[in-house]
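Okay, so here's the structure we're looking at.
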Ligand SMILES: [Zn+2]
């Protein structure tokens, strides 16, 4: 069974690694799986259907695509995002709430005084 060369090139440029959800084993396409006669450079998609996790024996469907080793990750920068209030301590939050209440009360008073 031969595959078209153009289908291989993309997979070889950035082969996805796959992690076993059952035991955490990571299939590295660059290394293959010598225990089951999988040569190095075999993409996970090209593994034989009877291939099992070499550690726990789980089926291929249990594996998750965790991306290539040097694939850019756009998630780390987003971790510091969020509303500023979430970073306040409970005491600071109370000050903020009562400060707003007090301000509203003052505005109510001034409105009451004007009418
Ligand atoms: Zn496993």
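In our numbering, the protein residues as written are 463 to 577.
Think of the CB as a built atom: it goes at the ideal place given N, C-alpha and C, for glycine as much as any other residue.
Measure how close the beta-carbons of residue 527 and residue 489 come, nearest whole angstrom, since I'm counting them as under 8 angstroms. The Cβ separation is near 10 angstroms, so there is no contact.
On the DSSP bridge list, what partners appear for residue 479? The partner list for residue 479 (beta bridge, DSSP) reads 529.
Terminal residues of the alpha helix (DSSP H) in which residue 506 lies: Neither: residue 506 is in no alpha helix (DSSP H) and is coded neither H nor E.
Among 487, 484 and 504, which one has its Cα closest to the Cα of residue 493? The candidate whose alpha carbon is nearest that of residue 493 is 504.
Answer with buried or exposed for residue 500, where buried requires no fewer than 16 other C-beta atoms within 10 angstroms of its C-beta. By the neighbour-count rule (16 or more Cβ atoms within 10 Å), residue 500 is buried.
Check this for me: beta carbons of residue 516 and residue 497, under 7 angstroms apart or not? Yes, they are a contact pair.
By Cβ distance below 6 angstroms, which residues in the same chain neighbour residue 518 in space, the five residues on each side in sequence not counted? Taking residue 518 as the centre and dropping the five residues before and after it, the same chain places the C-beta of 484 and 485 closer than 6 angstroms to its C-beta, in chain order.
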